[in-house]
Every structure is written in C-alpha cells, then in structure tokens.
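One structure is given here, and the rest of the page talks about it.
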Ligand code: PFF
C-alpha cells in the first residue's frame, strides 16, 4: 500500500515550520517549571540519569510512532486509530488521549496563569530589594488567593483559544517560529549567573551526582511521567501534528531533533535553577512553586535583572502558549473531524470545559486545599493521573500499535517516505517498539501501581 496522500488538509508548509511547532509543543512549562520541581522532589542526579535513559529508549520511539500513525492516517488522534484499524477498539487510545488533553489543559493553565502574574510583578519591579524569604512569601500570598490566579488562568485560556480558532498554519507556525531561540539565550545567561552565586556547587552536585539510594518505584514512575509530559507524547498531540507533516519530511530526524532540543532545554533550566535553589537555601523538594520562589532572586542578582526578568516571564508564557495550543488542538481536531463541528464552536466548547475544571485546579492551592482524593488535591490529582498514568499507558498502546498491529512494511514505508530515505535504524527501532519499550513502560507503570 502506498502512503495515503495529504488530502488537501491544512498542514505545515515547511520542515522548519513543523520542527518549530513540534518543539513548541514539547518545550514549555514542562521543561522550566515541572522538570526542576520533579527533579527536586525525586532526589536529583539519579532521577536525571533515569530520565535521560527514558527519553532515549522510550521517548524518541514513542514520538516517532505518533508521527507514523498521524501522517499515515491523516486524521486526529482518535480518527487515526479508526482509520488504520477500522472496527477495532484501538480508537480507545484516542479517547484516552482526549481525556488526558482535558486534564492537562486544566492544570497547565493554572501554572501558565502564574507566569502571567509574574510578568506583571516583574514589570512593576515588585521583587526589588526583597530577600529570598520575602520572595517566597509573595508567591504564597499570590497563589493561595482566589481572584488573581483565576483571572490569569482565564486570560491564558482565552489566548490559547484565540490562536486555535485562527487555524493551523497561521496560528501555530507563526507563533512558534521566532521566539524560542530567545528563551534559550536567556536561560544560558541565567545559568551563568546562577552558577556564579556563592554556594552554587551544591546545586550542581545535587543535579549531577547520582545517589541511587533515592530511587524507588515512585521515582521511576515520576521519571517516566516527566519524560512523556515534556515530550508531549502519549496522548496523540504528535499524532495530530504528524497528520500535518508533509510527505517528504523525514519523521525520524524530526523526532530526534525535537527530543534533543527539549531535553537540552530542561537541562539548561536545571542548571539555571538548582545552584540558586541551594544558594538561596530554598527546599528543592518544595513542589510546584519552586521556580517562582527562586527565579526572581536570580534576576535580582543580575545586572539588568529588571529587564531580564520581564523578558523571561514573557517568553515563558509564550512557551506555555505554544504547548497549550497543541493540547487544545488535540481536542479541537477531534471535534471538527469526527463530530463535524465548526472550528470555532469546537474551540469554545473545549476551552470552556477545560477552563471549568481548571478553576478547581487553581483553587486547590487555596480555598480548596483541604479537598483531597486519596491524599491529593485536585491539581495534583489531575497532574498525577494524566502525566504519570494516562500518558505512559497511551505510550504503551501506541508502541504496541505500531510494533505489533501495523504491518512492518507500512511502518517502514512511512519512516522511509516510501523508500526514499535510507532506513538505517529500522531493524533496531522495530525491536524497541515490539519488545523493549512495551516491557519497560509496563514494568514501571504496573510496578508502581502495585499490580506486579
Ligand atoms: N510538553 C509540554 C511541556 O513540556 O510544557 C506539555 C504538554 C504538551 C504535554 C502537549 C502533553 C501534550 F500533549
């Protein structure tokens, strides 16, 4: 069977466009907000090693598999499974992905809202002259109240929806293209400053000196969840984006480039944050507030810190936006293609629903803090369920689908662009997809759940 053609769907016009969009999806709060605090909670260096192993062994193959499914089927996350496996229950993987997308959008917008507040705080020079303790107190006062975190969350949701309504090419490509290099440059400058703070060495040791006694099944699951979350894999985001990739772009190269870029940025964020965490004597295991407690302190210690702080939080919000539009796109592509809704209606419905759930996430740091289910408040519950359970489970099903259900020749056809690209690693890849990745994901997932 020759590969299915693009069918006149909206798509990415250039290779650069798809790289930027996929990297735009991958690079976001996951790298700069979530990665440091999960590393901090999980004991540092040993977690990092395992995380890197998961990216290489599981992340890249799952990402490539999503591209293969999406580009071959030319459909959204759910429709792709229906098309490639008609009459079979595989489409449930797509259903799960859409559920995960709702959950992630809900709690992602909470944190994205915090970054908007931090743009304003930086602009108004609110951190000036404050000690690390006072900065921590400011964060506490802000994120536990109800009004402003909710306002910012809704503002962020609105921006996401607005970009999505304007369409794939114009919307996603335009915003993703130019801005991420600036974020990288800024992170490098911040890392340099952080590394020259007194006491920085302790932070580096924490990040890079593995202490394997800190590893247990929960840490393994956290590393798996973080790898999937950061790469935007396991819920069909990259199936949806894959369906927009042109037939002559090389899927393998795109998967590797995006994964490497994503990982380097997470590492850079780690190097910018941990020296400062120890220099300012902040608790590395303090949870989701970590960067908000630490970064303003770094800017204060920099010449031109006011300026850098403002630019950084703006870029962070934009990085969050290019990720959140990719999450919303999963739901909207499903609603428009499978349920024939207009793009506008689909966007309004999906955004409203996610915003509604999202408000509970935001309030779970304040008014609803006491409302917990098996010990987790709403925010943590959604984050844990989506990132650590649904994404790995989705990834497991995706590698099983490509490794066992799809015909080897079809997978090869897609990876080699119909035989045009040299197939150097397809043998090894197939082995990973069929055996290594499913076993590894299943063991980590089921072990931590106490199933095996
Ligand atoms: N990868 C994004 C980040 O690191 O911020 C978050 C994300 C986007 C997760 C898209 C999942 C997804 F499908």
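Residue numbers (my numbering): 176 to 627.
Ideal Cβ placement from N, Cα and C applies to all residues, glycine included.
query	result
Chain-order list of residues whose beta-carbon lies under 8 Å from that of residue 399 (same chain, five-residue window excluded)	229, 233, 563, 567, 616, 619 and 620
Through-space distance from residue 420 to residue 193, alpha-carbon basis	7 Å
Burial state of residue 312, where buried means 16 or more other Cβ atoms lie within 10 Å	exposed
Cβ neighbour criterion (16 or more within 10 Å) applied to residue 290	buried
Close Cβ partners of residue 252 (< 6 Å) along its chain, the five nearest in sequence each way excluded	269, 272, 411, 414, 415 and 505
Cβ neighbour criterion (16 or more within 10 Å) applied to residue 187	buried
Residue-level contact to chain B via CB, residue 547, 8 Å cutoff	Absence of chain B from the displayed structure is noted, only one protein chain being present.
Integer Cβ distance of residue 417 from residue 245, believed to fall under 8 Å	3 Å
Residues bridged to residue 548 [DSSP beta-bridge criterion]	551
Inter-residue spacing [alpha-carbon to alpha-carbon] between residue 472 and residue 576	47 Å
Closest residue to residue 366 among 433, 373, 297 and 447 (Cα-Cα distance)	447
Rounded separation between residue 201 and residue 242 - CA only	14 Å
DSSP-derived helix/strand/coil call for residue 476	coil
Counted within 10 angstroms of its Cβ, other Cβ atoms place residue 582 as buried (16 or more) or exposed	exposed
Proximity test, residue 415 beta-carbon vs the ligand PFF heavy atom, cut-off 7 Å	no
CA-to-CA distance, residue 461 to residue 386, given in whole angstroms	19 Å
Burial state of residue 218, where buried means 16 or more other Cβ atoms lie within 10 Å	buried
Beta-carbon contacts of residue 476 that lie in its chain and below 7 Å, excluding the five residues immediately before and after	368 and 372
Beta-carbon proximity of residue 255 to residue 248, cut-off 8 Å	yes
Alpha carbon of residue 482 to alpha carbon of residue 231, nearest angstrom	37 Å
8 Å Cβ cutoff met for residue 570 and residue 403	yes
Stretch-stretch touch, CB-based, cutoff 8 Å, three pairs: the segment 526 to 537 with the segment 277 to 297	yes
Near the ligand PFF: residue 206 beta-carbon under 7 Å from a heavy atom	yes
CB-CB length for residue 459 against residue 381, believed under 8 Å	7 Å
Cβ-heavy atom distance, residue 211 to the ligand SAH, below 7 Å	The ligand SAH is absent from the structure shown, which contains only the ligand PFF.
CB of residue 222 within 8 Å of CB of residue 394, strictly	yes
C-alpha distance - residue 316 paired with residue 432, whole-angstrom precision	40 Å
Three CB pairs or more closer than 8 Å across the segment 294 to 304 and the segment 484 to 492	yes
CA nearest to the CA of residue 526, picked from 614, 280 and 390	280
Contact test: residue 412 Cβ vs the ligand PFF heavy atom, cutoff 7 Å	yes
Span of the alpha helix (DSSP H), counted from its first residue to its last, around residue 190	190 to 201
heavy atom of the ligand PFF below 7 Å from residue 229 C-beta	no
Contact between the segment 538 to 551 and the segment 317 to 332 (3+ Cβ pairs under 8 Å)	yes
Neighbourhood of residue 440 by C-beta, 8 Å cutoff - its chain only, sequence neighbours within 5 removed	202, 206, 207, 358, 359 and 362
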